[in-house]
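A short write-up of the structure that comes next.
2 protein chains.
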Amino acid sequence: MEIVEVGPRDGLQNEKRVLPTAVKIAYVERAIAAGLRRIEVAAFARPDRVPQMADAAEVLRAAPRPEGVRYTALVLNGRGLDRALALEEAARPDEINYVVVASDEFSRRNQGMSTADSLAAFREVAARAREAGLFVTLTVAAAFGCPFTGPVPVSRVRDLVADAGPVDEICLADTIGVGVPPQVTELAGAVRPVAPGVPLRAHFHNTRNAGYANATAAVASGFGALDASLGGIGGCPFAPAATGNIATEDLAYLLNRSGLATGVDVTSAAGAGAWIGEQLGLAAVPAQLGRAGDFPGDHLLR
Amino acid sequence: MEIVEVGPRDGLQNEKRVLPTAVKIAYVERAIAAGLRRIEVAAFARPDRVPQMADAAEVLRAAPRPEGVRYTALVLNGRGLDRALALEEAARPDEINYVVVASDEFSRRNQGMSTADSLAAFREVAARAREAGLFVTLTVAAAFGCPFTGPVPVSRVRDLVADAGPVDEICLADTIGVGVPPQVTELAGAVRPVAPGVPLRAHFHNTRNAGYANATAAVASGFGALDASLGGIGGCPFAPAATGNIATEDLAYLLNRSGLATGVDVTSAAGAGAWIGEQLGLAAVPAQLGRAGDFPGDHLLR
Chain A
1 MEIVEVGPRD GLQNEKRVLP TAVKIAYVER AIAAGLRRIE VAAFARPDRV
51 PQMADAAEVL RAAPRPEGVR YTALVLNGRG LDRALALEEA ARPDEINYVV
101 VASDEFSRRN QGMSTADSLA AFREVAARAR EAGLFVTLTV AAAFGCPFTG
151 PVPVSRVRDL VADAGPVDEI CLADTIGVGV PPQVTELAGA VRPVAPGVPL
201 RAHFHNTRNA GYANATAAVA SGFGALDASL GGIGGCPFAP AATGNIATED
251 LAYLLNRSGL ATGVDVTSAA GAGAWIGEQL GLAAVPAQLG RAGDFPGDHL
301 LR
Chain B
1 MEIVEVGPRD GLQNEKRVLP TAVKIAYVER AIAAGLRRIE VAAFARPDRV
51 PQMADAAEVL RAAPRPEGVR YTALVLNGRG LDRALALEEA ARPDEINYVV
101 VASDEFSRRN QGMSTADSLA AFREVAARAR EAGLFVTLTV AAAFGCPFTG
151 PVPVSRVRDL VADAGPVDEI CLADTIGVGV PPQVTELAGA VRPVAPGVPL
201 RAHFHNTRNA GYANATAAVA SGFGALDASL GGIGGCPFAP AATGNIATED
251 LAYLLNRSGL ATGVDVTSAA GAGAWIGEQL GLAAVPAQLG RAGDFPGDHL
301 LR
């Protein structure tokens, strides 16, 4: 089972303290050392709005490029893709992750346009990115619920995906951490027929403690990749006191011991999670493996 | 889906601060107000070893007895049952919960005897308790792993249950919070044939963030009841910095929104969780609903 490390992007973007580029690179290096191979390292957003991501180009330039590691950058519009493509070849991301918000109200507040207009912009960006050889993920944000208008109909997510045009991966994101396991199953079932053969990825926040249960449901529903952040850093802008993304080390523990090898060494990952927490000045990270420790052996010992 | 509130027992027993009886009663009252109907309120343990539970008799005497509410007391041996039965009729618990530890090493350290000897003692106590009209739950502690010897074979849990004699309910407990979802399914499948017709209950700690995923697996595996504590209080004696039982409010959110009505009002439960955290002097409780808030509507909106 593939874990996509999103700590350097979704994690750091939602923490108050802005870290120097060198610390971000050290975070990425620790992620790689822990066994992660697909890492979202930057966002091409407006630096005045998202100062945490202002050094996107520098991060992509400075990050090591070992064999087998793929970097993703979040892109919000055509200008973001322009910035990614303006980088010298060796510094470009391998993938872009483009966010379209499933609810109109949230989309207008976040992207300044309706979901339909945002999706139209995506199709154009996706075509250009794919032409340039980049792998393109469409993330459907707020697919499990909207902080402003409440529940999001499954049919709305399905229709959005149906209209997305050619894409390499669909990521269903529970941006505000309200989803529950049957919803994961339901959304997968609704989306798959309108995007046949396109791999699914899921993005969960542990805001209400259902994140790992949702991840387990996603595995059972055939999702191929799960987002997580080392340390579980990131928080949730719509529930300020709540925790962030599900934590890489805790997710890896759950999956590894369930017989679904992730390639992630949980002790090394827990060390990286604790370390980034210190860099951010957090008293403790939401991840629990660092405090509780790994547990040895095969869970299905007869 | 039934939630068994264990905060007043397993929760408080593992917190440092010893609360006055009146505060415990207020906790129980808040649990009832939130919709909980089956509550573990006391343990008949040695007061010198477990000072948090020294007022077991007083709690059982002072707790309100509204129609439909059942109280459980933890009993560790024949002397514990003697103390429960010595109470005046109206103060007796409706149920006893007896713990047998699945691994010999943990059993010797905790109960001072091997698993087999502990099980023999259980059979005697269970027979006496049932004769006295009490509902008897056998909790198999460390069923998912032992803090001293590591993995516990599924066959060991199965054989223990097979030798338990007549019992009203079997509770499989992940005492140290190491279990993963396939283990829940596996254990249920192993235990059911040797205890045909006996309802299953599960007890999870969220020590490594897998507790709610395990609870979801337990629902899917046909368990009839799940333990949880308001606030998620309790901690884990074998991972001092880790969180406690899965939290009632977060579990109720997950189950209610999954279409499995628990009868628990999550907002009221979250208030009770925050309140008990204050009584214990905790900076924050592990439960997240109190910070994040409920989310309205049907998760399966089409």
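Sequences listed follow chains A and B, in order. Using full-length UniProt numbering, you'd call the opening residue of the first sequence number 1 and step up by one each time. Using full-length UniProt numbering, you'd call the opening residue of the second sequence number 1 and step up by one each time. Note that the Cβ used here is the ideal one computed from N, Cα and C, for glycine as well. Here the structure is a predicted model, which means the values were calculated and not measured.
{"Check": "Taking 7 Å as the cut-off, is the beta-carbon of F204(B) closer than that to any non-hydrogen atom of the ligand SAM?", "Outcome": "Absence of the ligand SAM is noted for the structure shown, with no ligands found whatsoever."}
{"Check": "To the nearest angstrom, how far is it from the Cα of V152(A) to the Cα of P296(B)?", "Outcome": "11 Å"}
{"Check": "In its own chain, which residues sit with a C-beta less than 8 Å from the C-beta of V157(A), not counting the 5 before and 5 after it?", "Outcome": "A102, V140, A143, L172, L187, A190 and V191"}
{"Check": "Report the residue from T72(B), L12(B) and G68(B) whose alpha carbon sits nearest the alpha carbon of L60(B).", "Outcome": "T72(B)"}
{"Check": "Examine chain B for any beta-carbon lying closer than 8 Å to the beta-carbon of V180(A), and answer yes or no.", "Outcome": "yes"}
{"Check": "Three or more C-beta pairs under 8 Å: does that hold for the region 2-10 of chain A against the region 23-33 of chain A?", "Outcome": "yes"}
{"Check": "Buried or exposed for K16(A), please, with buried defined as at least 16 other CB atoms from any protein chain shown within 10 angstroms of its CB.", "Outcome": "exposed"}
{"Check": "Would you mind telling me which residues of chain B sit closer than 7 Å to G244(A), beta carbon to beta carbon, in chain order?", "Outcome": "What G244(A) touches in chain B: nothing, since even the nearest Cβ is about 11 Å away."}
{"Check": "Would you tell me roughly how many angstroms separate the C-alpha atoms of S107(A) and R38(B), rounded to the nearest one?", "Outcome": "44 Å"}
{"Check": "Hey, is D250(B)'s beta-carbon within less than 8 Å of any beta-carbon in chain A?", "Outcome": "yes"}
{"Check": "Can you tell me the Cα-Cα spacing of R109(A) and P51(A), whole angstroms?", "Outcome": "18 Å"}
{"Check": "Report the partner residues of V4(B) according to the DSSP bridge assignment.", "Outcome": "D227(B)"}
{"Check": "At a Cβ cut of 9 Å, what residues of the region 159-179 of chain A count as close to chain B, listed as they run along the chain?", "Outcome": "I176, G177, V178 and G179"}
{"Check": "Where does F144(B) sit, in a helix, a strand or coil, going by DSSP?", "Outcome": "coil"}
{"Check": "Strictly by DSSP, which residues pair up with N97(A)?", "Outcome": "L74(A) and T137(A)"}
{"Check": "Hey, is L301(A)'s beta-carbon within less than 8 Å of any beta-carbon in chain B?", "Outcome": "Any reading at L301(A) needs caution, since the residue's pLDDT is 48, under 50, leaving its predicted position unreliable; the model's value is listed next. Output row for L301(A): interface = yes."}
{"Check": "Shorter than 8 Å from the beta carbon of R83(B) to some beta carbon of chain A?", "Outcome": "no"}
{"Check": "Using CA coordinates, which residue listed in I3(A), M1(A), D294(A) and L19(A) is at the minimum distance from I276(A)?", "Outcome": "L19(A)"}
{"Check": "Which residues in chain B have a C-beta closer than 7 Å to the C-beta of S258(A)? List them in chain order.", "Outcome": "V180, P181 and P182"}
{"Check": "Would you call the region 230-239 of chain A and the region 193-204 of chain A in contact, with 3 or more CB pairs under 8 Å?", "Outcome": "no"}
{"Check": "Spatial neighbours of T267(B) within its chain, please: C-beta separation below 6 Å, excluding the five flanking residues on both sides.", "Outcome": "D294"}
{"Check": "At 4 residues or longer, and completely inside the region 165-195 of chain B: list those alpha helix (DSSP H) runs for me, N to C.", "Outcome": "181-191"}
{"Check": "What does T207(B) touch in chain A if you count any residue whose Cβ is under 7 Å from its own?", "Outcome": "Q288 and A292"}
{"Check": "Taking the CB atoms as reference points, tell me whether L226(A) and E249(A) lie closer together than 8 Å.", "Outcome": "no"}
{"Check": "Can you name the residues of chain B whose CB is closer than 8 Å to the CB of P296(A)?", "Outcome": "G150 and P151"}
{"Check": "Check the Cβ-Cβ distances between G145(A) and every residue of chain B, and say whether any is below 8 Å.", "Outcome": "yes"}
{"Check": "Let's test the definition: count the other Cβ atoms within 10 Å of the Cβ of E278(B) and tell me whether it reaches 16, buried, or not, exposed.", "Outcome": "exposed"}
{"Check": "Between L138(B) and V180(B), is the Cβ-Cβ spacing less than 8 Å?", "Outcome": "no"}
{"Check": "Per the contact definition of three or more C-beta pairs closer than 8 Å, is the region 79-86 of chain B in contact with the region 111-118 of chain B?", "Outcome": "no"}
{"Check": "My understanding is that G165(B) touches R123(B), with C-beta atoms under 8 Å, so please give their C-beta distance in whole angstroms.", "Outcome": "4 Å"}
{"Check": "Taking 8 Å as the threshold (C-beta atoms), are M1(A) and T262(A) in contact?", "Outcome": "yes"}
{"Check": "Leaving aside the five residues before and after G290(B) along the sequence, list all residues of the same chain whose C-beta is less than 6 Å from its C-beta, in chain order.", "Outcome": "A270, G273 and A274"}
{"Check": "Residues of chain B with a CB under 8 Å from the CB of T216(A): which are they?", "Outcome": "P181, A213, T216 and A217"}
{"Check": "Which whole-angstrom value is the C-beta distance of N245(A) and A228(A), which I expect to be below 8 Å?", "Outcome": "6 Å"}
{"Check": "Between A274(B) and chain A, is any beta-carbon pair separated by less than 8 Å?", "Outcome": "no"}
{"Check": "What are the start and end residues of the beta strand (DSSP E) that includes A220(B)?", "Outcome": "Counting along the chain, A220(B) falls outside any beta strand (DSSP E), though it belongs to the alpha helix (DSSP H) covering G211 to A220."}
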